[in-house]
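Participant:
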Amino acid sequence: MSQERAVPASAGPLEELSGWPEELCRRELPSVLPRLLSMYQRSDSWIEHIQILKIIVEMFLPHMNHLTLEQTFFSQVLPKTVKLFDDMMYELTSQARELSSQNLEIQTTLRNILQTMVQVIGALTGCVQHVCATQESVILENIQSLPSSALHVIKSTFVHCKNSESVYSGHLHLVSDLLQALFKEAYSLQKQLMGLLDMVCVGPLVDRSDGILNMVIVIHSLLDICSVISSMDHAFHANTWKFIIKQSLKHQSVIKSRLKHRDIITSLCEDILVSFQSCLQLAEQMTQSDVQDNAEYRLFQKTLKLCRFFANSLLHYTKEFLPFLSDSCSALHQLYLQIHSKCPPSLYAARVPQAQQDEIAAAFLVTLDPLVGQLLAFQPFVHVVLDSTLELPCELQFPQCLLLVVIMDKLPSQPEAVQSLWCTGSQVSEATARVSLLKAIFDSFEQCSGELSLPVHLQGVKRQGQAEVAVTLYQHVCVHLCAFIASFHPSLFPELDAALLRAVLSANMITSLLAMDAWCFLARYGTAELCAHHVAVVAHLVEFIQNFPPKAAGNLPLWQCISFQALPSELREQTAREVAGLGTAQCRKWLSSTRTLGELDSLNTVLSALLAVCHSAREALDIGQQAAVIEVGSQLWAFLSTHLVTGQPCVQQALSLLLPLLGSFIQTLDPPLISQVVTLQASLLQSEPPDHVRLAVLDFVSSLGKLLLSEALQVITLNCCSCEQNH
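Numbering of the sequence shown is given in full-length UniProt numbering, commencing with residue 1 and proceeding in unit increments.
1) Do you know how far the Cα of Ala515 is from the Cα of Phe445?
2) Which runs of the beta strand (DSSP E) fall wholly inside the segment 5-93 and span at least 3 residues, in chain order?
3) Drop a sphere of 10 angstroms on the beta-carbon of Leu104, count the other beta-carbons inside from all chains shown, and report buried for 16 or more, exposed for fewer.
4) If Ile630 sits next to Thr668, beta carbons under 8 angstroms apart, how far is it from one beta carbon to the other, in whole angstroms?
5) On a CA-only basis, which of Met408, Val435, Lys410, Val406 is nearest Thr389? Give me that one, please.
6) With DSSP run on the structure shown, which of helix, strand or coil describes Asp670?
7) Checking the sheet assignment: what are the DSSP bridge partners for Cys201?
8) Could you tell me whether the segment 473-480 touches the segment 492-508, where touching means 3 or more Cβ pairs closer than 8 angstroms?
9) Considering only the beta carbon of each residue, do Leu607 and Leu661 sit closer than 8 angstroms?
10) Determine, using beta-carbon pairs with one atom in the segment 143-150 and one in the segment 164-174, whether at least three such pairs fall under 8 angstroms.
11) Of the residues Ile339, Ile245, Phe321, which one's Cα is nearest the Cα of residue 728?
12) Could you tell me the boundaries of the alpha helix (DSSP H) in which Met117 lies?
13) Would you mind stating whether Ile55 and Ser18 have Cβ atoms separated by less than 8 angstroms?
14) Tell me the residue span of the alpha helix (DSSP H) that contains Arg308.
15) Using a Cβ-Cβ cut-off of 7 angstroms (strictly less than) and excluding sequence neighbours within five positions of Leu322, which residues of its own chain qualify?
16) Is the beta carbon of Leu151 closer than 8 angstroms to that of Ile229?
17) If you follow the alpha helix (DSSP H) that Cys343 is in, where does it begin and where does it stop?
18) Compute the Euclidean distance between the alpha carbons of Ser664 and Asp622, then round it to the nearest angstrom.
19) Quick test of your reading: Leu314 and Ile272, contact by CB under 8 angstroms. State the CB separation rounded to the nearest angstrom.
20) Just to confirm, are Leu403 and Tyr348 a CB contact at a threshold of 8 angstroms?
21) By DSSP, does residue 728 sit in helix, in strand, or in coil?
22) Kindly indicate which three-state DSSP category Asp233 falls into: helix, strand or coil?
23) So for Val435, helix, strand or coil by DSSP?
24) What first and last residue would you give for the alpha helix (DSSP H) that runs through His615?
25) How long is the line joining the alpha carbons of Asn294 and Thr367, rounded to whole angstroms?
26) With a CB to CB cut of under 7 angstroms and the five nearest residues on each side skipped, what residues in its chain are close to Ser188?
27) Kindly indicate the opening and closing residues of the alpha helix (DSSP H) around Ile485.
28) Measure the alpha-carbon distance for Leu84 versus Tyr90 and round it to whole angstroms.
29) If you draw a straight line from the alpha carbon of Val206 to that of Ile212, how long is it in whole angstroms?
30) Rounding to the nearest angstrom, what Cα-Cα distance links Phe488 and Lys319 in this structure?
31) In whole angstroms, what separates the C-alpha of Val200 from that of Arg42?
32) Going by the CB atoms, is the gap between Leu99 and Gln107 shorter than 8 angstroms?
33) Do you know offhand how far Ser227's Cα is from Leu259's?
34) Relative to the alpha-carbon of Ala585, which residue among Thr134, Gln459, Leu69, Lys551 has its alpha-carbon at the smallest distance?
35) Give the secondary structure of Asp409 by DSSP, where H, G and I count as helix, E and B as strand, and everything else as coil.
36) Grouping DSSP H, G and I as helix and E and B as strand, with all else coil, what is Arg387?
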């Protein structure tokens, strides 16, 4: 806006009004106010605008009906006031580049604009003060234009002040006094406005929708201001946040579904991280000598106090609005990880003196523990933490492992449904895939190779009468995992068994060792519930044997697939003997029959079942049963090797089963039979049999290492091995 627009068009009438006494203003209000409002709307002069606004606010506003302020004054004047302020801000920013100590015209213009802006903010402050002074409780709908206009002006002012270094291009000192006055006026306006908003109540039910929306807009506007002033005035920033949280809770019942919870949580998390980083930087700079007497330490304590305030605010807000925070869980998760990645014993932690580490832990880190407790039963948080597609950078892997251990420690006190939510993977009906907590712990533990190798040390568990000692990450996870297992809910033992087995079979040695240690603890110190679980498993096995008795020939295809080691000793001995007895009987039956190739498939099933017994429960067979197996094995070998074509697949399958079966009894086989087997193997390999036959041959040859062989048999065996090597 050009300089000439600052010349008033009707200074005479305004000067006359400015001399009126209070009683005359009250009496003439109905006739004068419409004329003033009309002049205000028509005027193009900034100075005239501010003169009219000041006259209305200072002389006529005190006599207006407070119930009709919105209709008679605020809605008619404030929109144009905001536009006026924006125009001045645009003009200020546009001409600021030309500011210099030599260009006095621009300097004067900019200073005049700044002075006018200060007066505009002062007039808005007068409006706020009047409402506060005349009403004990304020209905927001009755003043709805005032908060929104004031907040717009406040934010615009703070943004300009924040960017003033770049806006004024090195000539800030020429206007710094007025910029400081502008900031102070906006600061005062916001302080007064927060006092006014503290008096606000949502209006009658008929106007409730508008009232809710207006309050939501106010809170979101204050949130925007927070992002601007965060680096300008820490105390003011904290007070603004305090007010946002207070108003959100005050009107919680009516605005909870309208608030931008994600924006609020994200902003709080960002402010926590920024203040925490500042706290660490200050701690790094401090020396041990006279630390409590220097200014750096006092600033450190002040910043740490700010961290704690933000963390407590987040804790309070999360507790009250948890059902609405499903899309904020990722930010909360990342906050926890980021903070712990910057704290010892993380490899990425700042070098902070031990005394300050202890202060940070006692004043700030303790607030994160109840935050995890609040989120424990919240399913969206579970999905975020256990997301099967979660990819974390190296510096966050260790904090993730610590978080999972913290969660594991808290679960025993939770209801069964919450434990089940964490300890079972995602169901088919769920949209996102998640792993179980136990699998996540082993996976996360595996990613902490650096922390395991150094190793890093964590705070140990205190024991009565003993000093606390630091422990390695392996010890830390192992102790807490075993404690968790000791209190594990019986219904979740299948999940525990599956997770431990998967980890034991892991290609990562340290992960496998951790699972083995946990499993040993499980076996030694299991609870009564665990014993009950094992009893239930055994009962299930008994029921299985009753439903599929090994004595029935039709069940042999099933028993050939079962490891007898999985059965308790008594059941293992019983079933192994029954399968062996039935198997030898079936072999004799086949030998006494027509012995066609078509019947060889059923014989192979029998041999497979016998081999399963010999591999996993041979010690359960008495001498007579072992002799019976050797006898039928020898007879079958003699028949198959002389009467059937060894190139037939079913014959090759039979031979590949007979070879390891005979090999398991190598110590008791007759030397002539061993010689026959070795001789046939050499000719068998000449026909280039499939791999499973080759493996069976090698298996039998390896069993010969336990025997003292004759020279002739050694030659045959070596020829067999040479033949296999050539193929």
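Don't be surprised by glycine CBs; every beta carbon is placed ideally from N, CA and C. Predicted model, so just to flag it, every value in this text is computed and none were measured.
Facilitator: The short version:
1) Numbered from 1 along the sequence shown, position 445 holds the residue referred to as residue 445. Numbered from 1 along the sequence shown, position 515 holds the residue referred to as residue 515. Rounded to whole angstroms, Phe445 to Ala515 spans 11 angstroms at the Cα level.
2) none
3) One-based indexing of the sequence shown puts residue 104 at position 104. Exposed is the call here.
4) The sequence position of residue 630 within the sequence shown is 630, counting from 1. The sequence position of residue 668 within the sequence shown is 668, counting from 1. Contact flag correct, Cβ pair sits at about 6 angstroms.
5) Here residue 389 corresponds to residue number 389 of the sequence shown, with the count starting at 1. Comparing Cα-Cα distances from Thr389 to each of Met408, Val435, Lys410, Val406, the minimum goes to Val435.
6) Reading the sequence shown from its first residue, position 670 is the one you call residue 670. Asp670 falls in the coil class under three-state DSSP.
7) The sequence position of residue 201 within the sequence shown is 201, counting from 1. In DSSP, Cys201 forms a bridge with Ile139.
8) no
9) What you label residue 607 is simply residue 607 of the sequence shown in a count that begins at 1. What you label residue 661 is simply residue 661 of the sequence shown in a count that begins at 1. Their beta carbons are under 8 angstroms apart, which means Leu607 touches Leu661 by this criterion.
10) no
11) Given a span of 1 to 727 for the chain in the structure shown, any question on residue 728 remains unanswerable.
12) For the purposes of this step, residue 117 is identified with residue 117 of the sequence shown, where counting begins at 1. Unbroken alpha helix (DSSP H) run through Met117: 104-134.
13) Here residue 55 refers to the residue found at position 55 when the sequence shown is read from its first residue. Here residue 18 refers to the residue found at position 18 when the sequence shown is read from its first residue. Cβ atoms of Ile55 and Ser18: closer than 8 angstroms.
14) As a working note, residue 308 is residue 308 in the sequence shown. 295-321 is the span of the alpha helix (DSSP H), which, as asked, contains Arg308.
15) Residue mapping note: residue 322 aligns to position 322 of the sequence shown, counting from 1. Excluding residues within five positions, the ones whose Cβ falls inside 7 angstroms are Gln374, Phe378.
16) Taking the first residue of the sequence shown as position 1, residue 229 is located at position 229. Taking the first residue of the sequence shown as position 1, residue 151 is located at position 151. The answer is no: Cβ separation not under 8 angstroms.
17) Along the sequence shown, read from residue 1 onward, the residue named residue 343 stands at position 343. Premise fails: Cys343 is in no alpha helix (DSSP H) and is neither H nor E.
18) As a working note, residue 664 is residue 664 in the sequence shown. As a working note, residue 622 is residue 622 in the sequence shown. If I take the Cα positions, the gap works out to 15 angstroms.
19) For the purposes of this step, residue 314 is taken as the residue at position 314 of the sequence shown. For the purposes of this step, residue 272 is taken as the residue at position 272 of the sequence shown. Confirmed, about 7 angstroms.
20) Start at 1 with the first residue of the sequence shown, and residue 403 comes out as number 403. Start at 1 with the first residue of the sequence shown, and residue 348 comes out as number 348. Result no, Cβ atoms of Leu403 and Tyr348 do not sit closer than 8 angstroms.
21) Look at the range of the chain in this structure, 1 to 727, and you will see that residue 728 is not part of it.
22) The residue given as residue 233 occupies position 233 in the sequence shown. Coil, per DSSP.
23) As a position in the sequence shown, residue 435 is number 435, starting the count at 1. DSSP places Val435 in coil when its eight states are reduced to three.
24) Looking up residue 615 in the sequence shown gives position 615. Its alpha helix (DSSP H) spans residues 600-617.
25) The residue you call residue 294 lines up with position 294 of the sequence shown. The residue you call residue 367 lines up with position 367 of the sequence shown. Straight-line Cα distance between these residues: approximately 27 angstroms.
26) Translated into positions along the sequence shown, residue 188 becomes position 188. Excluding sequence neighbours, Ser188 sits near Thr125.
27) On the sequence shown, position 485 is the one that residue 485 refers to. Looking at the DSSP string, the run of the alpha helix (DSSP H) that includes Ile485 is 473-486.
28) Translated into positions along the sequence shown, residue 84 becomes position 84. Translated into positions along the sequence shown, residue 90 becomes position 90. Using only the alpha carbons, I get a separation of about 10 angstroms.
29) Mapped onto the sequence shown, residue 206 falls at position 206. Mapped onto the sequence shown, residue 212 falls at position 212. Low local confidence applies: a pLDDT of 38 at Val206 is under 50, so the model's placement there is unreliable, and no value is given.
30) Translated into positions along the sequence shown, residue 488 becomes position 488. Translated into positions along the sequence shown, residue 319 becomes position 319. Each residue's Cα considered, the two are about 27 angstroms apart.
31) For the purposes of this step, residue 200 is taken as residue 200 along the sequence shown, with counting starting at 1. For the purposes of this step, residue 42 is taken as residue 42 along the sequence shown, with counting starting at 1. Spanning the two alpha carbons is a distance of roughly 33 angstroms.
32) For the purposes of this step, residue 107 is identified with residue 107 of the sequence shown, where counting begins at 1. For the purposes of this step, residue 99 is identified with residue 99 of the sequence shown, where counting begins at 1. Yes, they are a contact pair.
33) For this step, residue 227 is matched to residue 227 along the sequence shown. For this step, residue 259 is matched to residue 259 along the sequence shown. Distance between the alpha carbons of Ser227 and Leu259: 17 angstroms.
34) Within the sequence shown, residue 585 is the residue found at index 585, counting from 1. With distances taken between Cα atoms, Ala585 lies closest to Lys551.
35) Residue numbering aside, residue 409 sits at position 409 when the sequence shown is read from its first letter. DSSP places Asp409 in helix when its eight states are reduced to three.
36) Position 387 of the sequence shown, counted from the start, is the residue given in the question as residue 387. The displayed chain sequence assigns Asp, not Arg, to residue 387. If DSSP states are grouped into helix, strand and coil, Asp387 belongs with the strands.
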